[in-house]
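Heads up, the final residue of the sequence shown is numbered 1084 in this note's numbering, and it's a clean run with no missing numbers.
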Amino acid sequence: MTGNGMLRPDYALIGQWVKPGSRVLDLGCGDGELLRELMDTRQVSGYGVEIDDASILACVKKGINVIQGDLEQGLSGFENDSFDYVILSRTLQTMRHTEGILKEMLRVGRQGIVTFPNFGYWKNRVQVLQGRMPRSADMPYQWYDTPNIHLCTVRDFEDLCAQHDFDILERVVLTQGKPVTLLPNLLGSLAVFRFQHRR
């Protein structure tokens, strides 16, 4: 939830994309808020993968099936096509092996959903022009303590999908929780993509 008790905008969007009764794997699931919401509103079944002990405990308290694991090690514990959707929310930019995790998502799931802060957002560009690494609501860390190691723009992600023959099924770029349709790579702060292998 956000500070005002509302569901995070990217979570609400993901909830619209996930079909009722689906099998879902939520990677880097945090405290399990998204998976719990999907279970309650879309009657999904699934698992979360998380490395942090406190977050795992929070998942258990929410009744979430959670597995402790390091995403950098891949998803070898899951068989091919085990899930309808594999979700990676605000975690892609923290991954060392970005291409590897995207391929693994589409190995174990029919579709992938990712959300990430758009480094191309105009306010980020202004901060770089001022000689500083950007900080924002979507990237709140200082340069020296950030978990973000592979920041990208909307266009960067689209190029990566093209290189690996991933079809983008839906793309919504948000700013302050609202969709941006005009110049999204410049005016959007958070990107949400749904994609699959090219058929």
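Note that the Cβ used here is the ideal one computed from N, Cα and C, for glycine as well.
Residue i, buried or exposed, once every other Cβ within 10 Å from all chains shown has been counted against 16
i	result
Pro894	buried
Ile899	buried
Gly948	exposed
Gln1015	exposed
Same chain, Cβ closer than 6 angstroms to residue i, neighbours up to 5 away in sequence not counted
i	result
Phe1051	Phe1080
Pro905	Arg927 and Gln928
Asn1070	Gly1005, Thr1038, Val1039 and Arg1040
Presumed contact (8 angstroms Cβ cut-off) between residue i and residue j, rounded CB distance
i	j	result
Val945	Leu923	So it is not a contact: roughly 17 angstroms between Cβ atoms.
Thr983	His1035	5 angstroms
Residues near residue i in its chain [Cβ-Cβ closer than 7 angstroms; skip 5 each side]
i	result
Thr887	Residue placement at Thr887 cannot be trusted, given a pLDDT of 49 that sits under 50; what the coordinates show is reported in the next sentence. Closer than 7 angstroms at the Cβ level, and outside the excluded window around Thr887, lie Arg893.
Gly915	Glu935 and Ser940
Glu1043	Ile1053
Val971	Leu910, Leu912, Met990, Val993, Gly994 and Gly997
First through last residue of the beta strand (DSSP E) which encompasses residue i
i	result
Pro1032	Taken as a continuous stretch (DSSP letters only), Pro1032 belongs to no beta strand (DSSP E), as it is neither H nor E.
Gly985	That residue, Gly985, is in no beta strand (DSSP E); its alpha helix (DSSP H) goes Thr983 to Val993.
Gln1081	Leu1075 to His1082
Gln1048	Here Gln1048 belongs to no beta strand (DSSP E); instead the alpha helix (DSSP H) covers Val1039 to Gln1048.
Bounding residues of the alpha helix (DSSP H) (the contiguous stretch that carries residue i)
i	result
Ser940	Asp938 to Lys946
Ala897	Pro894 to Trp902
Gln953	No alpha helix (DSSP H) holds Gln953; the beta strand (DSSP E) holding it covers Val951 to Gln953.
Just checking, does the stretch 973-993 make contact with the stretch 952-965 on the three C-beta pairs under 8 angstroms criterion? yes
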